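The numbering of the sequence shown is our numbering, which starts it at 0 and goes up by one. Taking it in order: structure first as structure tokens, then the write-up.
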Amino acid sequence: MQNKGVIKLFALLFGLVSIYQLSFTFKANQIEDEAKMAAVAKYDETVKDFQDLRTQAEIDYLDSLKTSKIQVGEEFEPIEVYNLGVSQYTYNEVEDNAMKLGLDLKGGINAIIQISVKDILKGLANNSKNAVFNKALADAEELQKDAQESYLESFFRAFDAIKGDTQLASPDIFATRDLSDDITFDMSDDEVKTVLERKIDESIVSAFEVLRNRIDGFGVSSPNIQRLGNSGRILIELPGARDKKRVVDIITKTAQLQFWETYKEQDLAPYLGIVNQSLIDAAKAEEQENSSEEAQEEGVEDSEDSVSSTIDDLTGQIEADSTNVSAEDQNPLGYRGRGGVPSVIGMFLAKDKKKVMEALNDPKNRAQLPPEMRYVKFLWGIQQKDSEYSELYAIKSNRDSTPQLSGAVITDARQDYDQISRPAVSMQMNAKGAKIWEEMTKVAYETQGYIAIVLDDIVYSAPSVSSGPISGGNSQISGAFSLTEAVDLANVLRAGKLPASAEIIQADEVGPSLGQEAIDSGMKSFLIALVFVLLWMIFYYGKAGIFADVALLLNILLIFGVLASLGAVLTLPGIAGIVLTIGISVDANVLIFERIREELAKGKSQKESIKDGFSNALSSILDANITTGLTALILFVFGTGPIKGFATTLIIGILTSLFTAIFITRLLIDWWVNRGGSLDFSTAMTKGLFKNVNINFLKKRKIAYVISGILLTASIVSLFTNKLDQGIDFVGGRTYQVRFEQPVSTEEIASILIAPEVFSSAEVKTIGTANQLKISTKYKVNDNSVEADEEVQTKLFEALKPFLPEGMTYEEFDTGSGDKKIGKMLSGKVSPTIADDIKKSSFWAVLGSLVVVFLYILIRFKRWQFSLGAVAAVFHDVLIVLGIFSLTWKFMPFSMEIDQAFIAAILTVIGYSLNDTVVVFDRIREFLNEHTSWEFGKTINASLNSTLSRTLNTSVTTLVVLLAMFIFGADSLRGLLFALIVGVIVGTYSSMFIATPLMYDTAKKGDAAESLKTKVKEEDEE
0 MQNKGVIKLF ALLFGLVSIY QLSFTFKANQ IEDEAKMAAV AKYDETVKDF
50 QDLRTQAEID YLDSLKTSKI QVGEEFEPIE VYNLGVSQYT YNEVEDNAMK
100 LGLDLKGGIN AIIQISVKDI LKGLANNSKN AVFNKALADA EELQKDAQES
150 YLESFFRAFD AIKGDTQLAS PDIFATRDLS DDITFDMSDD EVKTVLERKI
200 DESIVSAFEV LRNRIDGFGV SSPNIQRLGN SGRILIELPG ARDKKRVVDI
250 ITKTAQLQFW ETYKEQDLAP YLGIVNQSLI DAAKAEEQEN SSEEAQEEGV
300 EDSEDSVSST IDDLTGQIEA DSTNVSAEDQ NPLGYRGRGG VPSVIGMFLA
350 KDKKKVMEAL NDPKNRAQLP PEMRYVKFLW GIQQKDSEYS ELYAIKSNRD
400 STPQLSGAVI TDARQDYDQI SRPAVSMQMN AKGAKIWEEM TKVAYETQGY
450 IAIVLDDIVY SAPSVSSGPI SGGNSQISGA FSLTEAVDLA NVLRAGKLPA
500 SAEIIQADEV GPSLGQEAID SGMKSFLIAL VFVLLWMIFY YGKAGIFADV
550 ALLLNILLIF GVLASLGAVL TLPGIAGIVL TIGISVDANV LIFERIREEL
600 AKGKSQKESI KDGFSNALSS ILDANITTGL TALILFVFGT GPIKGFATTL
650 IIGILTSLFT AIFITRLLID WWVNRGGSLD FSTAMTKGLF KNVNINFLKK
700 RKIAYVISGI LLTASIVSLF TNKLDQGIDF VGGRTYQVRF EQPVSTEEIA
750 SILIAPEVFS SAEVKTIGTA NQLKISTKYK VNDNSVEADE EVQTKLFEAL
800 KPFLPEGMTY EEFDTGSGDK KIGKMLSGKV SPTIADDIKK SSFWAVLGSL
850 VVVFLYILIR FKRWQFSLGA VAAVFHDVLI VLGIFSLTWK FMPFSMEIDQ
900 AFIAAILTVI GYSLNDTVVV FDRIREFLNE HTSWEFGKTI NASLNSTLSR
950 TLNTSVTTLV VLLAMFIFGA DSLRGLLFAL IVGVIVGTYS SMFIATPLMY
1000 DTAKKGDAAE SLKTKVKEED EE
């Protein structure tokens, strides 16, 4: 092998970079463990609510490492710096570079958002002033306090109760110009209600998409977002996220961007003086009243003269004291000038915001404003982090409070920097907005005025225009916000505004959906299986197996190192992809070793056998990995959710497997041989194994066709009749949050709930603290009756009784809402995580990948029969796996639900089937060229027999990994692992008894077989 030095250098660099990259993960885990220990040390179990306190203490500990403090010279230094390799990093940087884990492995933040249906209704009615309409809106809010129905249903009920002669299709309610295509004056209320239901649903879908776009820019991988029934609630889960404040900020912004002209400080100074004096007068009047009441309580009741005398005395005393009043008494408004910034009309204490606004907007005070200012609107500026004061702006508003320019004209927004290098957000407007913006800036330039940029009623900046009108529609928001806030703001503006206000009604940190026990047991079982594979390679190939093991371990290191360096998220589907790549890595080494053994058997020298073995195996390795890689690439480009996660790890794994098998194994073997070592590539027990095997596979193909035909028929019939046990991911269900007195095991709870006599299906994960669970079930998912809701909750209560306080009644469990109460805290419906668009994109991604594989094999092998055999085998394998699940899910002792993880299993089956089949085809192609005198059938059988050792070795090692995880792993993983086990067995069978015989039967007719030989020979000669 040439360029050994370069390969050694690359191997060393890749290994060191991977170790270095993974060191961030190890350090982050270490710091998180320290945070847990610190929290445990701070609050022991004797303290009330110790679990909540520990969780908060842990978060505070980690947050403290992210903050900075000012040192001498105003230089910012991190509180703590970590040494990794040759560099130092803050905890923020360590966390950012650590491997990202999905919700199923890591947990994250769970937030439930309520989209205001009331706001949507008001928007549809153009903020109608109709008294009946607004009374119905208010009444609906009251009805919602105790109702299980949606806000829209409450609104309809409230409106019907008070409507009298008023109709929903009234011109001043919903029969507006904007809704003229949907609602006409002659429509009945029932017809209008149908339209409103559709419009509300469309608005919530719009809000859903806006939130999804915002979350995509949030910086987490594989977020989960789904609607909760038709209530206007949306569930968002952000893997790995901990900063709840940032989540709240980015989600709840309605992104109502507006541009306003502003008044200057001198314009409002007289009014501020009037308001301040009114507060002084009110304070004096209140003090006089209090003094009079005190005098009356002292019993001064002798006569009217004495009362008058007393009041005069008190008044005189107040007047005498007025010359000695405090600065606060003289300035109750708390006004401070903002010298040098005329656009700010004043500075006020942040804690007094509410009081200041009430005073400024008091009708008695506003009556003192000049006529041209009667529509002035007061808005606060963005709060400076290190200041106790807030800036106040005065906006030149109008009767309808409609801005001259709004955010609807924004076509793009991006994080930028202003002229003094502060984080800012640059925006680009459309043609209409650019024209209005140019006119606004022209007026501001000519009048030396200011334009306030307002987002959700907060003034972010109010710049002057000093260099003339601004053309082109470019604008910028700058202010006292961090880089992260600027990125988030640009993301929010780019995603668009919400159709209504969004309120987070709950935000908690959630635990991994698999449960820590499932993750731990899964890791242990995987390590057990890996050890077995390593030992098996040594047992079967002797010393050469040690070199294959080193390459395999390096491959695993590189996979995780690349995942961490790319910031890719690792989820359960991703782990399925890693399991497949481990099988591919072992398979590549097995292919090489088997070819070397064949060359040794021909009597060649050791060095020559090694050289020819690697050379002969290369074609099979490349073809097998390219077909699997093309599949993964198509899935990555067009897939979503779990499919993209699976494809990411598979692509990385294929590249690292090729590198380690072709180069690293070769380097180690050459090093050993060059120093005089001997390699037999077998042991005493495995030498000559499968050497004289001569099975007539083609003779048995008809039996195989019959067996497969029966299995396929049974599978298809069962899929149409028995169907599949679709999980919550596909069909939705009911969800509950339950609080317990003590921490509980998610695995233990789940094993009880999935019992046939309870729900048969349930998903359990921690939310917030270890004593609080989120429980979801699809039991009676299609029954929306109150009776079904009651039955599900009753079953839940009965199943959880052993974990609840002794003697707790169902009523106490049902009313367990509140911060610290035990029992049910929240319940509702959840929509499918895997929406229809994801299902469609997944289907087309898989189909597209198979088309690409068909074309690749056609080009590579020059005959469509090979392509047909490979793709037919894939369909055969997938259908049988689906059929077995359909036939057995009702009586299997473990859950066989079809969820996101199952999708990953099916993709793994496709990858394994293609890999196995292409290796066999490559050997057939080689034998057709070597043995041109043999009949076609003999060539096929010889090819299959020669690859039998490789096929069984690869299958056995892969199956051992899966069986160990299946036997020793958690119950929640058994469905996924069972699908993989069936897929490996069926995939091995189909490559020998379906793909190859099908290729043979379609190629042997006429002169196809001879043509096939000729094509193969010509290709090799080229």
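Note that beta-carbon positions come from the ideal geometry of N, C-alpha and C, so glycine has one too. Being a predicted model, the structure only gives us computed values, none of them experimental.
Item	Value
Could you pull the DSSP bridge partners for Ala393 from this structure?	Phe377
Using the Cα positions of Leu799 and Glu810, report the straight-line distance between them to the nearest angstrom.	14 Å
Take Ile612 and list the residues in its own chain whose beta-carbon comes closer than 7 Å to its own, dropping the five residues that flank it on each side.	Correcting the residue identity first, residue 612 is Gly in this sequence and not Ile. Excluding sequence neighbours, Gly612 sits near Ile591, Arg594, Ile595 and Glu598.
Count the other C-beta atoms from every protein chain shown that fall within 10 angstroms of the C-beta of Val850, then say buried if there are 16 or more, exposed otherwise.	exposed
Is the beta carbon of Gln20 less than 8 Å from the beta carbon of Ala407?	no
Mark Leu12 as exposed unless 16 or more other C-beta atoms lie within 10 angstroms of its C-beta, in which case mark it buried.	exposed
Check whether the segment 365 to 376 and the segment 408 to 417 touch, using three or more Cβ-Cβ pairs below 8 Å as the test.	no
Determine, using beta carbons only, whether Trp1027 and Leu391 come nearer to each other than 8 Å.	Missing from the structure shown is residue 1027; the chain here goes from 0 to 1021 and no further.
For the putative contact between Ala206 and Ala499, defined by C-beta atoms under 8 Å, what is the C-beta separation to the nearest angstrom?	7 Å
Find out if the Cβ-Cβ distance for the pair Gly974, Leu710 is shorter than 8 Å.	no
Which one of Ile993, Asp181, Ser63 and Asp118 has the shortest CA to CA distance from Asn91?	Ser63
Is Thr793 buried or exposed, if buried means 16 or more other CB atoms sit within 10 Å of its CB?	exposed
Whole beta strand (DSSP E) runs in the segment 703 to 745 with 3 or more residues, listed along the chain?	732 to 738
Quick one: Cα of Leu488 to Cα of Ile457, how far?	13 Å
Among residues of its own chain, excluding the 5 on either side of Gly732, which ones have a beta-carbon nearer than 7 Å to its beta-carbon?	Ser775, Thr776, Lys777, Val780 and Val829
Got a sec, what are the start and stop residues for the beta strand (DSSP E) Pro422 sits in?	Pro422 to Met428
With which residues is Val453 paired in a DSSP beta bridge?	Gln257 and Val458
Just verifying my parser: in three-state terms, what is the DSSP assignment at Gly315?	Here Gly315 scores only 40 on pLDDT, less than 50, and its place in the model should not be relied on; the value that follows carries that caveat. If DSSP states are grouped into helix, strand and coil, Gly315 belongs with the helices.
Strictly by DSSP, which residues pair up with Asn473?	Gln427
First and last residue of the alpha helix (DSSP H) that includes Leu979?	Arg973 to Ser989
Can you tell me where the alpha helix (DSSP H) holding Pro238 begins and where it ends?	Not the alpha helix (DSSP H): Pro238 falls in the beta strand (DSSP E), residues Arg232 to Pro238.
Going by Cα to Cα distance, which pick from Ile214, Leu210, Phe173 and Asp177 is closest to Leu195?	Phe173
Can you have a look at Asp304 and say buried or exposed, based on whether 16 or more other CB atoms are within 10 angstroms of its CB?	Bear in mind that the predicted position of Asp304 carries a pLDDT of just 45, short of 50, making it unreliable; the figure below should be weighed with that in mind. Looking at its Cβ environment, which holds fewer than 16 other Cβ atoms inside 10 Å, Asp304 is exposed.
What is the rounded straight-line gap between the Cα of Ala157 and the Cα of Leu136?	8 Å
Using a Cβ-Cβ cut-off of 6 Å (strictly less than) and excluding sequence neighbours within five positions of Arg337, which residues of its own chain qualify?	Val343 and Met346
Return helix, strand or coil for Gln329, following the three-state DSSP convention.	helix
Among Thr24, Leu52, Ser22 and Phe23, whose alpha-carbon lies nearest the alpha-carbon of Met36?	Leu52
Tell me the rounded alpha-carbon separation between Phe9 and Leu553.	13 Å
Hey, quick one: how far does the alpha helix (DSSP H) through Phe347 stretch, first residue to last?	Segment Gly345 to Leu348 is the beta strand (DSSP E) holding Phe347; no alpha helix (DSSP H) there.
Quick check on Gly628: does DSSP put it in helix, strand or coil?	helix
Around the Cβ of Gln736, are there at least 16 other Cβ atoms within 10 angstroms (buried) or fewer (exposed)?	buried
Tell me whether Gly676 is buried or exposed, calling it buried when 16 or more other Cβ atoms sit within 10 Å of its Cβ.	exposed
Please tell me whether Ile620 and Ala660 are closer than 8 Å, where the distance is taken between their beta carbons.	yes
With three or more beta-carbon pairs closer than 8 Å as the criterion, would you say the segment 855 to 868 touches the segment 650 to 667?	no
Can you tell me whether Gly652 is helix, strand or coil according to DSSP?	helix
Quick check: what's the CA-CA separation for Gly122 versus Val191?	15 Å
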